[in-house]
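All remarks here apply to the structure that follows.
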Amino acid sequence: FKLPQGAPRSTMWPTEASFKSDTGEVLGKCARQAWYDWKGLEPTNPVDQKGEAIFDMGNMIEAWYVDLAKSVGMWVANDIKFYDEETSISGKIDMLIRENDGIAGIECKSFYGHYADKELKESPKIDHLMQVVLYLVYLNRLNPPEWSKRFYIEYFGRDTCLMYEHLVELVSIDGKTYP
Numbered sequence: 647f648k649l650p651q652g653a654p655r656s657t658m659w660p661t662e663a664s665f666k667s668d669t670g671e672v673l674g675k676c677a678r679q680a681w682y683d684w685k686g687l688e689p690t691n692p693v694d695q696k697g698e699a700i701f702d703m704g705n706m707i708e709a710w711y712v713d714l715a716k717s718v719g720m721w722v723a724n725d726i727k728f729y730d731e732e733t734s735i736s737g738k739i740d741m742l743i744r745e746n747d748g749i750a751g752i753e754c755k756s757f758y759g760h761y762a763d764k765e766l767k768e769s770p771k772i773d774h775l776m777q778v779v780l781y782l783v784y785l786n787r788l789n790p791p792e793w794s795k796r797f798y799i800e801y802f803g804r805d806t807c808l809m810y811e812h813l814v815e816l817v818s819i820d821g822k823t824y825p
């Protein structure tokens, strides 16, 4: 399973997505932070040792999900880098798995604490949802063989080991495709 690869930093990442809601609230990543990152400017609040440990833990959790998918014969690929020329978005899909009716995507996220446990049980974070929708739209446009038009956001609690799964899929209504 191969996707177009390679992109200069003149592109945006799916994790930088944001939009203004009907109420005027900006949801997703802070546009100022995304602009600073894009310009390569030094962060005013650099990641400390604790932050690095959290990132490392997230990578270990993702590796655990990959190992699990491999052990049950569902694994197709992981760490799939891509570049979408149409939108100038580049990214990395955590994993693709084989289900009975085709290939689906997996985005792995870790969480910590009571808020996350309470909130993520009901629905994914909006920025994670936007990230996955961008992956879905891109893959749908490519329409690879066996593509199921589904993505799962897998949450794993770093403190509790609780796991939550949210399905995001594309549906067609009156000839238009919606997440």
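Going by the working numbering, the letters in the sequence shown line up with residues 647 to 825, in that order. We put the CB at the ideal spot given by N, CA and C, even for glycine.
Starting from the C-beta of residue i, find all residues in its chain whose C-beta is less than 6 Å away, skip the five residues before and the five after it, and write them out in chain order.
{"i": "Met706", "result": "none"}
{"i": "Thr823", "result": "Leu816"}
{"i": "Ala653", "result": "Below a pLDDT of 50, predicted positions are generally treated as unreliable, and Ala653, at 41, falls in that range; no measurement from the model is reported."}
{"i": "Gly704", "result": "Ser756"}
{"i": "Pro692", "result": "none"}
List the endpoints of the continuous beta strand (DSSP E) containing residue i.
{"i": "Tyr801", "result": "793 to 803"}
{"i": "Met741", "result": "735 to 745"}
{"i": "Asn629", "result": "This structure does not reach residue 629, given that the chain is present from 647 up to 825, and the question cannot be answered."}
{"i": "Glu811", "result": "809 to 815"}
Less than 8 Å between C-beta atoms, sequence neighbours within five positions excluded: which residues of the same chain meet that for residue i?
{"i": "Gly803", "result": "Ser756, Phe757, Tyr758, Ala762, Asp763, Met809"}
{"i": "Glu745", "result": "Met720, Ser794, Arg796"}
{"i": "Asn786", "result": "Trp793, Lys795, Leu816, Thr823"}
What first and last residue would you give for the alpha helix (DSSP H) that runs through residue i?
{"i": "Asn705", "result": "695 to 717"}
Once you ignore the five residues that flank residue i on each side, which residues in its own chain have a CB closer than 7 Å to its CB?
{"i": "Pro770", "result": "Ile799, His812"}
{"i": "Asp668", "result": "none"}
{"i": "Val778", "result": "Glu753, Phe797, Ile799, Val814"}
{"i": "Ala715", "result": "Trp721, Met741, Ile743"}
{"i": "Tyr711", "result": "Met741, Ile752, Cys754, Glu800"}
{"i": "Leu766", "result": "Phe757, Tyr801, Tyr810"}
Mapping the DSSP letters down to three states, classify residue i as helix, strand or coil.
{"i": "Lys666", "result": "strand"}
{"i": "Gly821", "result": "coil"}
{"i": "Tyr758", "result": "coil"}
{"i": "Glu768", "result": "helix"}
Please classify residue i: is it buried, with 16 or more other beta-carbons within 10 angstroms of its beta-carbon, or exposed?
{"i": "Gly697", "result": "exposed"}
{"i": "Gly751", "result": "buried"}
{"i": "Leu782", "result": "buried"}
{"i": "Ile819", "result": "exposed"}
{"i": "Leu788", "result": "exposed"}
{"i": "His774", "result": "buried"}
{"i": "Glu708", "result": "buried"}
Quick one: is the Cβ of residue i within less than 7 Å of any heavy atom of the ligand COA?
{"i": "Tyr810", "result": "Only the bare structure without any ligand can be found here, which leaves the ligand COA out of the picture."}
Contact the segment 786 to 797 vs the segment 806 to 822: 3+ CB pairs below 8 Å: yes
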